[in-house]
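Shown next, in structure tokens, is the structure this report addresses.
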Amino acid sequence: MDGTASLLTVAIVAAVLVIRAALAELRHPGGTRARWAFVSNARAVTAGAMTAAALGLVGWRHAGPAAVAWALLAGALVVVLVDRQAPRG
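Position in the sequence shown counted from 1, then plus 17, gives you this note's numbering.
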């Protein structure tokens, strides 16, 4: 897969996530704010940033600049997962 196709795939995945959030907001006004509350979790954002940085550096060396987009997407998914597993208390 060349770099253009790889970037297009990442753009499609990001667009699907944004459309999903918009549809959820239309169904339940205010619900999107609660679903995106993970952005204010410093622990989750730090884990996601570290993941994106590590994957971006490794990916850049092996696959070129298109890997950075995938690294950012992976970092965003790590933020969501770490926030879901955060201890509540």
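Using N, Cα and C, we set each Cβ at its ideal position, and we do this for glycine too.
Just so you know, the alpha carbons of Pro46 and Ala31 end up roughly 21 Å apart. Around the beta-carbon of Val33, fewer than 16 other beta-carbon atoms lie within 10 Å, marking it exposed. Secondary structure of Gly81 (DSSP, three-state): coil. For Gly48, the uninterrupted alpha helix (DSSP H) run begins and ends at 48-52, by DSSP.
Here Ala39 is exposed, its C-beta having fewer than 16 other C-beta atoms within 10 Å.
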